[in-house]
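Novice:
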Amino acid sequence: MYLAIIYILVECSPKEGGFIEILTNNKPIQFYALALAIFILMVGIMIIFAFLPEYEIRLQTTKLSLSIAVSAYVIARVILQTPMGILSDRYGRKKLILYGLFINIPVVLGLGYVNSVEELIILRALQGICMASVETPIMALAVDLSEEKSVSSKVSFITSSQAAGTAFGPLIGGLLGGYVTFTLPFYACAIMTTVSMIIVIRLVPETNSKLNFCTAS
């Protein structure tokens, strides 16, 4: 169902011309959109580090089990990173990015309601899949959109945003979860991911003209 909804959103995005086309021809805006997307995704992935002691109590589990949950994200990401890159070459970078962002919305919400460590491990593995679906295509898209002389600076801007998300995730989780409620940070991440997904839909073009689903038929 989620994939069907995101497919409809993508296929119904604006045609060429008008204000949106003017915006998408402005490369800095496109890079800000990509940077925002990967920053928010990383915040949602790293946010659980602020809650590991809470998970240990809530799920009545061990530190070893929580370590497996943390590692599940990395394992899934490493395994699928290259295949996702191949898929982005074949089916389009933007489409894969949107799939990853959209699937991460219910996943990050689910992190606030897990009832067992097994559920936590599954959700973390799904986050690894989402990250693999977003990271490689975003880097490739940044290269595609960059002029030859500015490729390094544009890609480094994206990677810096990713690193910032890694740093701010636990901090945001600790601030919101520690002083408000346990589930609020996960709702905040889901909402921010939704916003970033819409921004990518509206402002970022598909760089493969054969796969560009934003052009007129």
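Under this note's numbering, residues 1 to 217 are what the sequence shown spells out, in order. C-beta atoms are modelled at their ideal positions from N, C-alpha and C, and glycine is treated no differently.
Less than 8 angstroms between the C-beta atoms of Gly177 and Pro185, yes or no?
Specialist: Mapped onto the sequence shown, residue 177 falls at position 177. Mapped onto the sequence shown, residue 185 falls at position 185. Result yes, Cβ atoms of Gly177 and Pro185 sit closer than 8 angstroms.
Novice: Under the rule that 16 or more other beta-carbon atoms within 10 Å means buried, what is Gln276, buried or exposed?
Specialist: Examination of residue 276 is not possible in this model, given that the chain is present from 1 through 217 alone.
Novice: For Glu147, which of helix, strand or coil comes out of DSSP?
Specialist: For this step, residue 147 is matched to residue 147 along the sequence shown. It is coil, neither helix nor strand.
Novice: Keeping to the same chain, check which residues put their C-beta closer than 7 angstroms to that of Val143; ignore five residues upstream and five downstream.
Specialist: As a working note, residue 143 is residue 143 in the sequence shown. Once the five neighbours on either side are set aside, the close Cβ partners of Val143 are Val151 and Val155.
Novice: Between Ile38 and Ser161, what straight-line distance do the alpha-carbon atoms span, to the nearest angstrom?
Specialist: Counting from 1 along the sequence shown, the entry for residue 38 is found at position 38. Counting from 1 along the sequence shown, the entry for residue 161 is found at position 161. C-alpha separation (whole angstroms): 7 angstroms.
Novice: Drop a sphere of 10 angstroms on the beta-carbon of Thr193, count the other beta-carbons inside from all chains shown, and report buried for 16 or more, exposed for fewer.
Specialist: Locating residue 193 in the sequence shown gives position 193, where the first residue counts as 1. Buried.
Novice: Any contact of the stretch 77-96 with the stretch 48-55, i.e. 3+ C-beta pairs under 8 angstroms?
Specialist: No contact exists between the stretch 77-96 and the stretch 48-55.
Novice: Between the stretch 119-137 and the stretch 85-102, are three or more C-beta pairs nearer than 8 angstroms?
Specialist: Yes, since at least three Cβ pairs between the stretch 119-137 and the stretch 85-102 fall closer than 8 angstroms, the two stretches touch.
Novice: Return helix, strand or coil for Ile22, following the three-state DSSP convention.
Specialist: Here residue 22 is taken as the residue at index 22 of the sequence shown, counted from 1. Residue placement at Ile22 cannot be trusted, given a pLDDT of 38 that sits under 50; the coordinates are not used to answer.
Novice: Here's a check: name, in chain order, each residue in its chain whose Cβ is nearer than 7 angstroms to the Cβ of Ile172, leaving out the five neighbours to either side.
Specialist: Translated into positions along the sequence shown, residue 172 becomes position 172. Cβ neighbours of Ile172 beyond the five flanking positions: Val43, Ile47 and Pro185.
Novice: Within 10 angstroms of its Cβ, does Thr136 collect 16 or more other Cβ (buried), or is it exposed?
Specialist: For the purposes of this step, residue 136 is identified with residue 136 of the sequence shown, where counting begins at 1. Buried, since its Cβ has 16 or more Cβ neighbours within 10 Å.
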